[in-house]
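Here is the structure we will look at, set down as structure tokens.
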Amino acid sequence: GKSNLVGMDSRYANAISASIFSRKKDGTLYKVLGQFELDKNTNCGDLLQVGDREFEVVTARSQFKYAGGKRFVMVRKILEVKEITRIAEEATLTRLMKKGGESSTGKNFE
Numbered sequence: 048g049k050s051n052l053v054g055m056d057s058r059y060a061n062a063i064s065a066s067i068f069s070r071k072k073d074g075t076l077y078k079v080l081g082q083f084e085l086d087k088n089t090n091c092g093d094l095l096q097v098g099d100r101e102f103e104v105v106t107a108r109s110q111f112k113y114a115g116g117k118r119f120v121m122v123r124k125i126l127e128v129k130e131i132t133r134i135a136e137e138a139t140l141t142r143l144m145k146k147g148g149e150s151s152t153g154k155n156f157e
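Whatever position you read off the sequence shown (first residue = 1), add 47 for my numbering.
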């Protein structure tokens, strides 16, 4: 079986330091939240809650380092996130636009 590292709480045995970025309108990345300890399995679609803000992971990249003996170890994650409130707003907007389009083609407008 897997042995936990000595002195490491088993809850954090699977933790990795992660840099969390977001993308600006012009496509450039900027650091939103700095360094966090996150689960190694953090992946696209996962939600991160930080205070009253919620982020969805849109891209997750893992960085590995050669550890000798044909072994690589994950050293950190680079996550690109998008704030959830924005996603929700965008979804509402598209729904409203669709609804509006349908009703205007109704018989009431003849």
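Where is the CB? At the ideal position from N, CA and C, for every residue including glycine.
Quiz prompt | As assigned by DSSP and simplified to three states, the class of ARG100 | solution = Position 53 of the sequence shown, counting from 1, holds the residue named residue 100. The answer is strand: DSSP assigns ARG100 an E or B state.
Quiz item: When you compare only the Cα positions, how much space is there between PHE102 and GLY92?
Solution: Stepping through the sequence shown from its first residue, residue 102 is reached at position 55. Stepping through the sequence shown from its first residue, residue 92 is reached at position 45. Rounded to the nearest angstrom, the gap between the Cα atoms of PHE102 and GLY92 is 9 Å.
Self-check item: Spatial neighbours of ASN90 in its chain, beta-carbon cut-off 7 Å, leaving aside the 5 residues before and after
Solution: As a working mapping, residue 90 is identified with position 43 in the sequence shown. Closer than 7 Å at Cβ, skipping near neighbours: VAL104, ALA107.
Self-check item: Residue from SER109, ILE67, GLY98, ASP86 with nearest C-alpha to VAL79
Solution: The residue given as residue 79 occupies position 32 in the sequence shown. Ranking SER109, ILE67, GLY98, ASP86 by CA distance to the CA of VAL79 puts ILE67 first.
Quiz prompt | Whole-angstrom distance between LEU126 and GLN110, CA atom to CA atom | solution = Numbered from 1 along the sequence shown, position 63 holds the residue referred to as residue 110. Numbered from 1 along the sequence shown, position 79 holds the residue referred to as residue 126. Rounded to whole angstroms, GLN110 to LEU126 spans 11 Å at the Cα level.
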